[in-house]
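As structure tokens, the structure follows; a few thoughts come after it.
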């Protein structure tokens, strides 16, 4: 299983990442991908910009560990996770999760699993700038609730 | 809801399709994508090339209708489906499904739903060339079984 | 006149992608898919086998149709095997 | 010496991203996360509030750690609020 984790201020090229996953294995029949995008509003307020902070070192370790857990659960061939940090604007790409597998359901499941655990375990924090000032984004209950599925649902 | 369906012999650029989906709505926070890739073997035999036939007109209509059903079930903002026809080689891209939504679970569900119904309802047929000759690919029971989930699982 | 299309394996087996049937050829003005199958099955064993295979699918004017669906003058009918795209 | 890192809202509230604690400052050679929290809480109400908040997370050497986890000389400890990436 090939795994790539990158945390960086740089933007990423979804096409290039998809091509790289595709090139890694001739047994790949399915590539599931997720791109998280910055919205221009949150909790009813306009969001002008966002600043993403992380815990260098630990972030990459946690993400690698989440990928390993996904690979233990579904027969996946490769996974790529890229997460941006620093200053972002509405409609900017924030995160990329790409998973290559022989069959599509495994690729979909592993991709969403990685994203759900990244949301709750990887040490990133968002600070929003709104017209009325700056604020740290609160963790959402729905992100915790999303994890329940992975305890009960059969792979 | 924006919807784009394209059936063509031309290859597609996943990055450009993702950018287009992202640009369509400032409310998009999540883009789930699937890329189907040609494997170099099937049922234990090497596959050298594949020829994809379709029913022009009906194919596009069926796919549009599948997208409409997904949009009625999950709050999605945009969906793109591209499917290639003609001669393909191992590791070539076959199909792209991209769905933009406010939240990730809706995007993932709608993307996998579209892909599952495309597999069983859109009139495409694959013919493989193996070292021992040409053969039409048989429909797989697992593709029919994949649909059961959408009858029972709550969105 | 109605057009009848065949795809993929059936196109190859029957050696044709499209046939046109004049209304005058047919017994009734509005016939069902089942009746069209019976009519075409007279062309030979191969036609009967392909058309009456349990998993043969049919579309009328590009919408999926069952055996009871009526076909009218000018319609486009298609017979094809289970789909395998994606 | 042990390093203690603070992130995001906590970094801003406490006005520091990192402090270093000499072993000589501490009562025991091997202390738990709970004991480190108690030690740092002596710095003032704001510190006590941040460190003892119900949802404050802790990592020791970049692994998630609970209150009973031991901290040793040279370790890197981090306190941070619930994560909000992705």
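Protein chains in written order, with the numbering used here: chain A, 1 to 155; chain B, 156 to 310; chain C, 311 to 396; chain D, 397 to 482. Glycine included, each C-beta is placed from N, C-alpha and C at the ideal position.
Taking a cut-off of 8 Å for Cβ pairs, the region 45-56 of chain A and the region 120-130 of chain A touch, as three or more such pairs fall below it. Using a Cβ-Cβ cut-off of 8 Å, residue 414 of chain D does not count as an interface residue toward chain A, since no Cβ of chain A sits closer than that to its own. Close to chain C, meaning a Cβ-Cβ distance shorter than 8 Å, are the following residues of the region 274-291 of chain B: 274, 275, 276, 277, 278, 279, 280, 281, 282 and 291. When 9 Å is used as the limit between beta carbons, residue 94 of chain A is near these residues of chain D: 481 and 482, in chain order.
Counting every other CB atom within 10 Å of its CB across the protein chains shown gives residue 311 of chain C a total below 16, marking it as exposed. Nearest CB-CB separation between residue 358 of chain C and chain B: not below the 8 Å threshold. According to the DSSP assignment, residue 204 of chain B belongs to the beta strand (DSSP E) that extends over 204-209. Per the Cβ contact rule, the region 108-127 of chain A is not in contact with the region 461-472 of chain D (fewer than 3 Cβ pairs under 8 Å). Rounded to whole angstroms, residue 385 of chain C and residue 212 of chain B show a C-alpha spacing of 14 Å.
Distance from the CA of residue 132 of chain A to the CA of residue 193 of chain B, rounded to the nearest whole angstrom, comes to 51 Å.
Taking residue 445 of chain D as the centre and dropping the five residues before and after it, the same chain places no C-beta closer than 8 Å to its C-beta. B:247 is the residue among B:261, B:303 and B:247 whose C-alpha sits nearest the C-alpha of residue 20 of chain A.
Contact between residue 36 of chain A and residue 184 of chain B holds, since their C-beta atoms are separated by about 7 Å, short of 8 Å. In the DSSP assignment, the residues bridged to residue 313 of chain C are C:330 and C:386. Secondary structure at residue 268 of chain B: helix, using DSSP grouped into helix, strand and coil.
Distances from the alpha-carbon of residue 383 of chain C to those of C:323, C:320, C:364 and C:330 put C:330 closest. Around residue 166 of chain B, the same chain offers 239, 247 and 248 as residues with beta carbons nearer than 8 Å, after the five sequence neighbours per side are excluded. By the CB criterion at 8 Å, residue 118 of chain A and residue 76 of chain A fall outside the cutoff. Per DSSP, the unbroken beta strand (DSSP E) holding residue 84 of chain A starts and ends at 76-84. Looking at D:482, D:402 and D:438, the one whose alpha-carbon comes closest to that of residue 413 of chain D is D:402. Classified as buried, residue 54 of chain A has 16 or more neighbouring CB atoms from the shown chains inside 10 Å of its CB. At least 8 Å separates the CB of residue 244 of chain B from every CB of chain C. Cβ atoms of residue 480 of chain D and residue 137 of chain A come within 8 Å of each other, at about 5 Å. Within 10 angstroms of the beta-carbon of residue 46 of chain A lie fewer than 16 other beta-carbons, which makes it exposed. For residue 182 of chain B, the residues of chain A that pass the 7 Å Cβ criterion are 39, in the order they occur in the chain. A direct Cα-Cα distance of roughly 33 Å separates residue 252 of chain B from residue 343 of chain C. In terms of CA proximity to residue 457 of chain D, D:475 leads the group D:447, D:443, D:448 and D:475. Across the set A:40, A:80 and A:7, the C-alpha of A:80 shows the shortest separation from the C-alpha of residue 31 of chain A. Against residue 403 of chain D, the close residues of chain A are 53, 54, 55, 123 and 125, in the order they occur along the chain (beta-carbon pairs closer than 9 Å). For the C-beta of residue 449 of chain D, not a single chain A residue is nearer than 7 Å; the gap to the nearest is close to 12 Å.
Considering only beta carbons, the part of the region 463-475 of chain D lying closer than 7 Å to chain A consists of 474, in chain order. In the DSSP annotation of this structure, the continuous segment of the alpha helix (DSSP H) that includes residue 323 of chain C starts and ends at 318-324. Take the alpha-carbon of residue 95 of chain A and the one of residue 151 of chain A: they are about 24 Å apart.
Judged by beta-carbon spacing, residue 433 of chain D lies within the 8 Å limit of residue 447 of chain D, meaning their Cβ atoms are closer than that value. Under the three-state reduction of DSSP, residue 448 of chain D is assigned to helix. In the DSSP assignment, residue 3 of chain A falls outside any alpha helix (DSSP H) and lies within the beta strand (DSSP E) extending over 2-8.
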